[in-house]
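Which chain is which? The protein sequence lines are A and B, in order. Residue numbers for the first sequence follow full-length UniProt numbering, beginning at 1 and rising by one. Residue numbers for the second sequence follow full-length UniProt numbering, beginning at 1 and rising by one. To start, the structure under review is shown below, and the notes come after it.
2 protein chains.
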Amino acid sequence: MTEPETSRREEDAHALDPDRVEAIVEAVEAEDAPLLDALMEPLHAADIADLLEQIGPGERRALIRLWPGGIDGDILSELGEGVREEVIEALPQDVLANAVRELDSDDVVDIIEDLEEPQQRQVLDALDDADRVAVEQALSYPEYTAGRLMQREVVTAPEDWTVGHAIDFLRNEEWLPDQFYHVVLIDPRHRPTGYVALGKMLASRRDRKLSEITEDSYRTIPATQSQEDVAYAFNQYHLISAPVVDADGRLVGVITIDDAMSVLEDEAEEDILLLGGVGDESLSDGVLETVRLRFPWLFVNLIATNLSALVIGHFEGAIAQIVALAAIMPIIASMGGNTGTQTLTIAVRSLATKDLTSSNAWRVVRRELMVGMTNGIIFATLMASVGWLGYGSALLGGVIAAAMVINLIVAAIAGTLIPLTLNRLGLDPALASGTFVTMTTDAVGFFSFLALASAVLL
Amino acid sequence: MTEPETSRREEDAHALDPDRVEAIVEAVEAEDAPLLDALMEPLHAADIADLLEQIGPGERRALIRLWPGGIDGDILSELGEGVREEVIEALPQDVLANAVRELDSDDVVDIIEDLEEPQQRQVLDALDDADRVAVEQALSYPEYTAGRLMQREVVTAPEDWTVGHAIDFLRNEEWLPDQFYHVVLIDPRHRPTGYVALGKMLASRRDRKLSEITEDSYRTIPATQSQEDVAYAFNQYHLISAPVVDADGRLVGVITIDDAMSVLEDEAEEDILLLGGVGDESLSDGVLETVRLRFPWLFVNLIATNLSALVIGHFEGAIAQIVALAAIMPIIASMGGNTGTQTLTIAVRSLATKDLTSSNAWRVVRRELMVGMTNGIIFATLMASVGWLGYGSALLGGVIAAAMVINLIVAAIAGTLIPLTLNRLGLDPALASGTFVTMTTDAVGFFSFLALASAVLL
């Protein structure tokens, strides 16, 4: 077995250079701080965070010990939850204080919300009073909502200003956010009424009224909206930034597309992991943590398969007489499982992208039923031939065919109705759907095949 | 069974209102064009595209017949491939011409690359000469690369300009892109050297040199880079736009974050669908198209399960003597399949996010091995008890336990090494990994259990 190395192909364009990672680990081992500094210097904070996640826990601790001043707020922001907690624990108090002080309030919120109580306190204490209040206010919104995601720093202008007004104001403003793409127009009651793109403002005459050059794409986001919906809106309507409003329609912050993009990525990741039967897991988790996270899924599966075993046990008499049944029955179950997983994947994905709604749910269920039936008939024919030719019994072929059609139809129904039902109950349709669907197709597959075989062949 | 309707919860914030969809379908049936117009008017192009995808094919044709002038370029851009082809075929030639003429070149490219040859010609013919050349040039880059994704319209400035220069230039420029966030600085040989954020420009004095206020986040994208890597770079480095350069480093276009966000979403979708054993499928595909797309995956699974059946068939003698083996063997196989899928999901996902690299591949394989072994021992103990208490044989319990440990270890190895190998071969690690992994765990599960049982119990 050779080392599974990834070659530096074109596709690895933005991946961390493994040679550099190796050099960094060696510098840490040699406790060569100046060399480490030089090797880290050209790296983007996001890449340093990836590096900290990729190296082993011992190397990580040694690196932080050797390079305490190097860990800044940006790197903390980019770290995954588990490693971040570890790093924060290892950082000297003053380094941590400096690191979080340089961050925008939304990034501090993002860091703090995943921490344990004593560490939360530690970070909050490191902030200036004004920042601490801003962070605590953001934390008063429910987790995973727009209120947590937004930054509170917004560039605004009264609705009756001209382009010239706004340009002069911006040029003389002491403080502006790092990144902003629109000037939000507000009425006297601090409610946003539209926004002007900076490019449009620059291209317009100075005496033009801002309210005449607002963007069509403008829409506001309620502070309590789920971050999943926020990300959906950015992707669906090609938004770059969107003002966030409270229940009275007053401006409380702004969400920018880079935050929405992270959420979109996180939500897709969550669906992939849930469908794969893994929870909120990361590559840097230790063995015991990983065992703990995967155990519940496997345990549910263990119970499900033991129920299937009971179904099979019920037909021991039939199997004792025709042992070939034992070899064929997993085929029926597995084909049902695969069909169910296919249907489920499409349903979960379509629910996430809001393509599957009450308007077309019945049409989709009907289509899946037709697809299941058609594939059922095709594979029934194939397997009936195998049964006939391989086991020399036309009757066995018929039993296989009938069980296959039944199970593929059940798979199609289970694969759509289970996620639709979970969604209707307000649960994530990806949650444990896979186990429910294969539990159904296993049980139905074994039962229909063995019951038919008992009835027809014995 | 009641209608699986999705209630209008908070979570459905941006979903199409089913009542409106119903009203639109009714207006189409009543051939009431003014009412249809009024109902469509407030909808965003992206929502109209979703609506066209959600209604049935007959309704879709009737809607286009009744509302031919309504379909504009933006709606075409937002449509999925299958429905888009259908709509373009149904549109009168002059409506199609108007629709594509109003689009930026990158959007025309996006539409045209999925069309069949005669339809491609039809769209190209509808363009002005200059636009046609731009589109044809973009099409000369390989599919799924930055060259296809970029827009050719870039706002540039010579590196020695001041802020005042740039502002005056922009105000007097006849034509500017709809959306732009940076001014790209170029040297005399048209090579980009940095970019200035519009917000930073507005906040600076007129005599400030542009080259003094460039952004740190600046990085260029080679035109031949894969769109997957482009999306990764935008997400990793929080880019808003990035200049695209040719092999000589000359500026050829710019990619903006909204395009990168679409790609990120598409790539995550592709992984989800591949892991679920469905290809490039959409909810609006017809029954036969769906059958055709899913058939190959099911066929591979059929062959895999038939191989498992051969393994089982080899032990018919053992099963005939101890029928309980037939009931227990699917448990071993299924637990291995689940463990393998968990490991695979993490590996595929980590490869996509470039968290799994040659630097840590061995550490990850080792961790998975440890996790597989630990879970193997836990579930072996559980199942050994079931075997002992349920079937009254301590020896059978021991066989179950040993087979479980073996299969969970094999699952951990297969779940990491198969995607790593596919990735190394330059293939998508999500591709068919699932089938390979469960094929392995099924075969190993059945074989190890039945072989051990034959050796120990008979």
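A virtual CB, placed ideally from N, CA and C, is assigned to each residue, including glycine.
Inter-residue Cα distance where the pair is residue i and residue j
| i | j | result |
| --- | --- | --- |
| residue 6 of chain B | residue 129 of chain A | The pLDDT assigned to residue 6 of chain B is 35, lower than 50, so where the model puts this residue is not dependable, and the model offers no usable value. |
| residue 398 of chain B | residue 297 of chain A | 24 angstroms |
| residue 364 of chain A | residue 354 of chain A | 13 angstroms |
| residue 300 of chain B | residue 44 of chain B | 42 angstroms |
| residue 449 of chain B | residue 312 of chain A | 17 angstroms |
| residue 439 of chain A | residue 27 of chain A | 52 angstroms |
| residue 225 of chain B | residue 243 of chain B | 12 angstroms |
| residue 20 of chain B | residue 66 of chain B | 17 angstroms |
| residue 93 of chain A | residue 71 of chain A | 12 angstroms |
| residue 161 of chain A | residue 182 of chain A | 14 angstroms |
| residue 351 of chain A | residue 429 of chain A | 8 angstroms |
| residue 8 of chain B | residue 423 of chain A | Residue placement at residue 8 of chain B cannot be trusted, given a pLDDT of 39 that sits under 50; what the coordinates show is reported in the next sentence. Residue 8 of chain B and residue 423 of chain A: Cα-Cα distance of roughly 12 angstroms. |
| residue 240 of chain B | residue 339 of chain B | 39 angstroms |
| residue 11 of chain B | residue 81 of chain A | The pLDDT assigned to residue 11 of chain B is 43, lower than 50, so where the model puts this residue is not dependable; a value taken from the coordinates is nonetheless given after this. When rounded, the distance between both Cα atoms is 26 angstroms. |
| residue 462 of chain A | residue 218 of chain A | The requested residue 462 of chain A does not occur in the structure, where chain A is confined to residues 1 to 458. |
| residue 310 of chain B | residue 335 of chain B | 20 angstroms |
| residue 83 of chain A | residue 193 of chain B | 36 angstroms |
| residue 153 of chain B | residue 368 of chain A | 44 angstroms |
| residue 259 of chain A | residue 261 of chain B | 11 angstroms |
| residue 98 of chain A | residue 74 of chain A | 11 angstroms |
| residue 227 of chain A | residue 141 of chain A | 12 angstroms |
| residue 91 of chain A | residue 201 of chain B | 37 angstroms |
Contact list for residue i against chain B, beta-carbon separation under 7 angstroms
| i | result |
| --- | --- |
| residue 287 of chain A | 367, 370, 371, 374 |
| residue 40 of chain A | Under the 7 angstroms cutoff, chain B gives no residues; its nearest Cβ is about 15 angstroms from residue 40 of chain A. |
| residue 278 of chain A | 342, 345, 346 |
8 angstroms Cβ cut-off: residues of chain B touching residue i
| i | result |
| --- | --- |
| residue 316 of chain A | 323, 324, 326, 327 |
| residue 431 of chain A | Correct list: empty, because the minimum Cβ distance to chain B is about 14 angstroms. |
| residue 309 of chain A | 327, 328, 330, 331 |
Minimum C-alpha distance to residue i - residue among the options
| i | options | result |
| --- | --- | --- |
| residue 405 of chain A | A/393, A/175, A/383 | A/383 |
| residue 234 of chain A | A/255, A/246, A/215, A/245 | A/255 |
| residue 47 of chain B | A/127, A/232, A/146 | A/232 |
| residue 210 of chain A | A/195, A/430, A/199, A/268 | A/195 |
| residue 410 of chain B | B/445, B/329, B/282 | B/445 |
| residue 285 of chain A | B/279, B/151, B/371 | B/371 |
| residue 366 of chain A | B/290, B/239, B/49, B/327 | B/290 |
| residue 315 of chain B | B/329, B/118, B/305, B/116 | B/329 |
| residue 295 of chain B | A/258, A/245, A/408 | A/408 |
| residue 447 of chain B | B/427, B/346, B/421, B/325 | B/325 |
| residue 107 of chain A | A/144, A/212, A/97, A/151 | A/151 |
| residue 189 of chain A | A/249, A/60, A/412, A/453 | A/249 |
| residue 455 of chain A | A/321, A/97, A/368 | A/321 |
| residue 166 of chain B | A/199, A/147, A/176, A/141 | A/199 |
| residue 434 of chain B | B/359, B/378, B/377, B/346 | B/346 |
| residue 158 of chain B | B/121, B/337, B/187, B/267 | B/187 |
Beta-bridge pairing of residue i - partner residues as DSSP gives them
| i | result |
| --- | --- |
| residue 162 of chain B | B/209 |
| residue 195 of chain A | A/184 |
| residue 226 of chain B | B/145 |
| residue 77 of chain B | According to DSSP, which records beta bridges pairwise, residue 77 of chain B is partnered with nothing at all. |
| residue 122 of chain A | None, per the DSSP bridge assignment. |
| residue 256 of chain B | B/241 |
| residue 251 of chain A | A/245 |
Residue i vs residue j beta-carbon contact at 9 angstroms
| i | j | result |
| --- | --- | --- |
| residue 15 of chain A | residue 222 of chain B | no |
| residue 415 of chain A | residue 341 of chain A | yes |
| residue 126 of chain A | residue 100 of chain A | yes |
| residue 272 of chain A | residue 229 of chain B | no |
| residue 396 of chain B | residue 457 of chain B | yes |
| residue 104 of chain A | residue 32 of chain A | no |
| residue 441 of chain A | residue 361 of chain A | no |
| residue 112 of chain A | residue 95 of chain A | no |
| residue 245 of chain A | residue 149 of chain A | no |
| residue 283 of chain A | residue 53 of chain A | yes |
| residue 164 of chain B | residue 207 of chain B | yes |
Near the ligand SAM: residue i beta-carbon under 8 angstroms from a heavy atom
| i | result |
| --- | --- |
| residue 71 of chain B | Because no ligand of any kind appears in the structure shown, any question about the ligand SAM cannot be addressed here. |
Per-residue contacts from residue i into chain A (C-beta, under 8 angstroms)
| i | result |
| --- | --- |
| residue 313 of chain B | 324, 327 |
Contact list for residue i against chain A, beta-carbon separation under 7 angstroms
| i | result |
| --- | --- |
| residue 298 of chain B | 335, 338, 339, 375, 379 |
| residue 18 of chain B | 357, 358, 359 |
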